[in-house]
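Everything in the sequence shown is counted per our numbering, starting at 49 for the first residue and increasing by one. Positions of the beta carbon are idealized from the N, C-alpha and C atoms, including for glycine. Only a predicted model underlies this, so the values are computations on that prediction, with no experimental measurement involved.
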Amino acid sequence: MTRRAVEERRLAATVHGTYLVAPPAGGPPCAAVVGFHGYGETAADHLAALSRLPGAERWLLAAVQGLHPFYRKDGSVVASWMTAFDRDNALADNTRYAASALAALAREHPSVARWALAGFSQGVAMAYRAAAGAPHPIHALVALAGDVPPDVAAGGMRGFPPVLIGRGTGDAWYDDAKLAADVDTLASRGVEVETCVFAGGHEWHPDFLTRAATFLTAHLDR
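Right, here's the structure in full:
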């Protein structure tokens, strides 16, 4: 039997994404923190983590959900940002999606003058990409347990906001070598970078939440 040749094609499609918003109490917000969740999480998971930041009640909080949902074994639906399959198109799609979410939030909340982004694990790369492609200035970026994506580093990172990188000493995936490499990458491109190494794992540790809140306050409450 002759094996038939197979040709692969690409076709653009429109899909719908989701983001969650938690406005502060007591009037229109002046600052916002927009986050990107990790692999196998949801926007609700990430929003819950951001809500644990000390003093977060005074900021608009938002979390963007990845465009690629899947089922856990328990039947719950979670999401990821991308796989190796069709990676280049996924990068472009996700970057446009993040920019669209930021633009929508700016339209919905015109009182917000200062913006921060946050990412956890796989969502860290999305936070960096969102900062690089944002439709308005970003004033701070929190990166917990995830590295600088090479496509963003290759762009030069001109005008990039200050970055706080977090790493748990028990995190075998985002290790000391990756942290050091990211600090070198950012510093070599003129990006202001701070680090927080805490006694924990691949997690939103209380010590990191406290440090991140201090960092965000310094850049948002102006």
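Nearest-angstrom Cβ-Cβ length linking residue i and residue j, presumed shorter than 8 Å
i	j	result
residue 230	residue 196	5 Å
residue 245	residue 270	Residue 245 to residue 270, Cβ: 27 Å. No contact.
residue 250	residue 193	5 Å
residue 157	residue 80	7 Å
residue 150	residue 82	6 Å
CA nearest to the CA of residue i, picked from the options
i	options	result
residue 63	144, 153, 101	144
residue 137	174, 60, 88, 160	60
residue 172	74, 114, 73	114
residue 213	199, 236, 188	188
residue 38	162, 122, 57, 117	The first residue shown for the chain is 49 and the last is 270, placing residue 38 beyond what the model contains.
residue 128	86, 101, 102, 176	86
residue 233	91, 184, 56, 199	199
residue 161	134, 186, 152	186
residue 222	235, 191, 207, 89	191
residue 257	132, 74, 109, 99	99
residue 152	67, 95, 254	67
residue 123	135, 96, 88, 254	88
residue 110	135, 121, 164, 103	164
Cβ-based neighbour list, residue i, same chain, cut-off 6 Å, excluding 5 preceding and 5 following
i	result
residue 247	217
residue 205	237, 239
residue 84	112, 167, 171, 174, 175
Those residues which DSSP pairs with residue i across a bridge
i	result
residue 192	168, 214
residue 162	79
residue 243	213
Cβ neighbours of residue i in the same chain (closer than 7 Å, five flanking residues each side left out)
i	result
residue 119	125
residue 107	72, 77, 79, 80, 81, 268
residue 36	Nothing can be reported for residue 36, as the shown portion of the chain is limited to 49 through 270.
residue 219	193, 249, 250
residue 227	213, 215, 243
Beta-carbon proximity list for residue i, same chain, < 8 Å, skipping 5 on both sides
i	result
residue 242	210, 211, 212, 213, 263
residue 147	178, 181, 182, 183
residue 57	none
residue 260	101, 166, 190, 192, 212, 214, 244
residue 104	81, 98, 261
Residue i Cβ short of 7 Å to the ligand ZN heavy atom set
i	result
residue 204	This structure simply doesn't include the ligand ZN, nor any ligand for that matter.
Cβ of residue i within 8 Å of any chain B Cβ
i	result
residue 188	Protein chain content of the structure displayed is limited to a single chain, and chain B is not contained in it.
Pick out the complete beta strand (DSSP E) segments inside the stretch 65 to 152, 3 residues or longer, and give them in chain order. 67 to 70, 79 to 84, 108 to 112, 116 to 119, 125 to 128
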